[in-house]
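Heads up, the thing below is written out as structure tokens.
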Amino acid sequence: AQKVTQAQTEISVVEKEDVTLDCVYETRDTTYYLFWYKQPPSGELVFLIRRNSFDEQNEISGRYSWNFQKSTSSFNFTITASQVVDSAVYFCALSEAQDRLAFGKGNQVVVIP
Amino acid sequence: DAEITQSPRHKITETGRQVTLACHQTWNHNNMFWYRQDLGHGLRLIHYSYGVHDTNKGEVSDGYSVSRSNTEDLPLTLESAASSQTSVYFCASSSSTGTEKNIQYFGAGTRLSVL
Chain A
1 AQKVTQAQTE ISVVEKEDVT LDCVYETRDT TYYLFWYKQP PSGELVFLIR RNSFDEQNEI
61 SGRYSWNFQK STSSFNFTIT ASQVVDSAVY FCALSEAQDR LAFGKGNQVV VIP
Chain B
114 DAEITQSPRH KITETGRQVT LACHQTWNHN NMFWYRQDLG HGLRLIHYSY GVHDTNKGEV
174 SDGYSVSRSN TEDLPLTLES AASSQTSVYF CASSSSTGTE KNIQYFGAGT RLSVL
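Listed in order, the protein sequences are those of chains A and B.
Letter by letter, the first sequence follows residues 1 to 113 of my numbering.
Letter by letter, the second sequence follows residues 114 to 228 of my numbering.
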């Protein structure tokens, strides 16, 4: 069973528009971690954020923000005022008790200038 | 600065050959992981290790093996390469303690083509 679902495969936006990436996860554990990673066209995987299951505070980092809602098992990611440099594949991931990551299939974000 | 390096970055091989991909980290992390990335599948876990002499199978381990003889290295071996193993391979490492617990840091990847 897929533990992390990222429904939209490719999203295109015009520069300066906002874009929200949905992530729905599934776990029976009470302690777990959620992550977002960015994979730009150069191919490397860049860590963006980690959130543990006991911390439902939303977080903002520059133009990036994350909305964690345990009630809906979601950990959504918003890019505000998108820029061309935001064009990448973004992965949501879940880590349960044993430190392994289960990745979603990723969202390809294309920012059109 | 600590880092994780993979070699080679690109590899072309023939079916049936044995291939080893190297992964070396200087973070002193206990945990190391190998993933493959294929279009439409995201990243899938091949093998992982929680410490020296510990190895475990992931969800797509058939045809692959790893060994962990020291903290820094987790080489991935394809025993007899198959065309279905053409992919991009990523190595990662993480700490199981401290403020960076569970954050996996990735190497740059190895693009493997099996002809």
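Glycine included, every Cβ here is placed at the ideal spot set by N, Cα and C.
According to DSSP, simplified to helix, strand and coil, what is residue i?
i                : result
Ser120 (chain B) : strand
Asp86 (chain A)  : helix
Lys70 (chain A)  : helix
Gln131 (chain B) : coil
Ser174 (chain B) : coil
Ser197 (chain B) : helix
Thr168 (chain B) : coil
Lys214 (chain B) : strand
Gly155 (chain B) : strand
Can you list, in chain order, the residues of its chain with a C-beta nearer than 6 Å to that of residue i? Leave out the 5 residues immediately preceding and following it.
i                : result
Ala102 (chain A) : Lys3, Val4, Leu94
Val179 (chain B) : His160, Thr168, Leu187, Leu189
Thr133 (chain B) : Pro188, Thr190
Skipping 5 residues on each side, what residues in its chain have a beta carbon closer than 7 Å to that of residue i?
i                : result
Gln150 (chain B) : Leu156, Ser200, Val201, Phe203
Gln83 (chain A)  : Glu15, Val111
Cutting at 8 Å between CB atoms, please list the residues of its own chain near residue i, excluding the five before and the five after it.
i                : result
Arg122 (chain B) : Ala221, Gly222, Thr223, Arg224
Arg50 (chain A)  : Tyr33, Leu34, Phe35
Are the beta-carbon atoms belonging to residue i and residue j less than 7 Å from one another?
i               : j                : result
Glu15 (chain A) : Val111 (chain A) : yes
Tyr37 (chain A) : Ser53 (chain A)  : no
Arg63 (chain A) : Ala81 (chain A)  : yes
Ser61 (chain A) : Thr78 (chain A)  : no
Cβ contact (3+ pairs, closer than 8 Å) linking the stretch 180-194 of chain B and the stretch 212-222 of chain B: They do not touch, by the three-pair rule.
3-residue-minimum beta strand (DSSP E) runs that sit fully inside the stretch 12-67 of chain A, ordered along the chain: Whole beta strand (DSSP E) segments, 3+ residues: 19-21, 33-39, 46-52, 59-61.
At least 3 beta-carbon pairs within less than 8 Å: the stretch 178-188 of chain B vs the stretch 136-145 of chain B: The stretch 178-188 of chain B, when compared against the stretch 136-145 of chain B, does touch it at the 8 Å Cβ threshold.
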